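Undergrad:
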Amino acid sequence: MEKVIDVALLAAERASEVLLDYFGRLRELKVEEKARNDFVTEADKKSEMIIIKTIQESFPQHAIVAEESGSHGSGSWQWFIDPLDGTKNFIHGLPMFCVSIGVAYKGELVAAVVKAPLLEETFVAEKGAGAFCNGVKLKVSSRPFEEALVATGFPFRGKEMLDSYLKCFKEVFLSVSGLRRCGSAALDLAYTAKGVFDGFWEMSLHPWDIAAGVLLVEEAGGVVTDFEGGRSFLSSGNIVGASPNTHGELLKIVQRHLT
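Counting from 45, one number per residue, gives the positions in the sequence shown under our numbering.
1) Got a sec, what are the start and stop residues for the beta strand (DSSP E) LEU153 sits in?
2) Curious, which full-length beta strand (DSSP E) runs of at least 3 residues does the region 237 to 287 contain?
3) Is the region 216 to 225 close to the region 257 to 276, with three or more CB pairs under 8 Å?
4) Nearest-angstrom Cα distance between ILE135 and PHE198?
5) Among VAL216, ASP253, ALA255, which residue has its Cα nearest to the Cα of GLY243?
6) For CYS226, name the three-state secondary structure that DSSP assigns.
7) Taking all protein chains shown into account, do 16 or more other C-beta atoms lie within 10 angstroms of the C-beta of GLN105, making it buried, or fewer, making it exposed?
8) Taking only runs of the alpha helix (DSSP H) that begin and end inside the region 117 to 187, which ones reach a length of at least 4 residues, in chain order?
9) Let me confirm a value: GLU76 is counted as buried when at least 16 other C-beta atoms fall within 10 Å, else exposed. Which label applies?
10) For the beta strand (DSSP E) containing LEU193, list its first residue and its last residue.
11) Please state the DSSP three-state secondary structure of THR85.
12) Within 8 Å, do at least three Cβ pairs link the region 257 to 267 to the region 157 to 170?
13) Out of LEU163, GLU263, SER280, point me to the one whose CA is closest to LEU253's CA.
14) With distances taken Cα to Cα, identify the nearest neighbour of PHE200 among LYS90, LEU163, MET247.
15) I'd like the span of the alpha helix (DSSP H) that includes VAL48, first residue to last.
16) Please report the Cβ distance between PHE141 and SER228, rounded to the nearest whole angstrom; I am assuming they are in contact, meaning their Cβ atoms lie under 8 Å.
17) Going straight from the alpha carbon of ILE99 to that of THR131, what length do you get?
18) Decide if SER118 is buried, meaning its Cβ has at least 16 other Cβ atoms within 10 Å, or exposed.
19) Considering only their Cβ atoms, is the gap separating ALA230 from SER144 smaller than 7 Å?
20) So, helix, strand or coil for GLU111, using DSSP?
21) Between LEU294 and VAL194, which are expected to be in contact by the criterion C-beta below 8 Å, what is the C-beta distance as a whole number of angstroms?
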């Protein structure tokens with residue numbers, strides 16, 4: 045496991061160097077629209093290539109599921125890669141973006157790295173060994189639900205659910221102290237693990253968006269479920285991750301509107 049994490053850290057560092065290089069010359073950046081309001085850049089693609097190359101140098105038999113290039117191989121070990129989570133932020137010069145790498149063994153998440161290069165934060169988690177940011181151990185918040193700061197993401201991939209989502213948004217907004225939308229699910233979950241946010245919910249995500257963040261939250265003492273309270277978040281894309289004080293109340297509101 046130590047080697048897996050070392051390789052994930054190396055891959056995230058190499059990818060971050062690519063992203064920072066492009067971030068310094070955004071006006072030259074080539075941007076494509078994969079679907080309406082869903083963008084990819086040459087920075088995403090080059091970052092992903094570097095990550096895959098780094099993994100395959102050490103673990104050629106491991107399977108990889110990557111945002112831009114899809115699935116590579118099969119087996120007990122599976123790497124979920126988002127080479128640039130927060131592409132829209134990146135394109136517009138906002139620093140809220142990251143590299144996200146989650147690793148599963150026989151279907152169970154066992155290692156995670158989320159690196160936000162401009163924020164100078166590197167989050168790492170290992171199953172059973174805790175979660176850390178820049179070497180400092182993380183613990184989810186202990187604030188009561190009514191004092192919570194909760195993060196969310198807008199359902200741009202599930203716009204048919206917008207009316208229901210807005211009803212959910214309104215009830216959460218009226219129940220807690222504040223809501224934030226940062227534009228990066230991986231960072232939303234990382235900051236939930238750090239105790240900055242008390243919880244996070246979003247729908248219609250992909251496994252590479254959340255795999256690393258899920259383990260960060262759980263290893264920091266938090267709770268992660270799908271909208272039914274189960275464990276199908278990687279397949280359904282629907283997720284509620286929060287501190288124990290916030291998760292139950294947040295899930296109840298989500299279930300009233302989004303299941």
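Ideal Cβ placement from N, Cα and C applies to all residues, glycine included. Note that the coordinates shown come from a computational prediction; the quantities given were computed from them, not determined experimentally.
TA: In short:
1) 152 to 160
2) 243 to 246, 267 to 269, 283 to 286
3) no
4) 18 Å
5) VAL216
6) coil
7) Counting C-beta atoms within 10 angstroms of its own C-beta, GLN105 has fewer than 16 neighbours from the protein chains shown and is therefore classed as exposed.
8) 131 to 135
9) exposed
10) 193 to 196
11) strand
12) yes
13) The sequence given here has Asp at residue 253, not Leu. The residue with the shortest Cα to Cα distance from ASP253 is SER280.
14) MET247
15) Residues 46 to 67.
16) 6 Å
17) 22 Å
18) exposed
19) yes
20) coil
21) 7 Å
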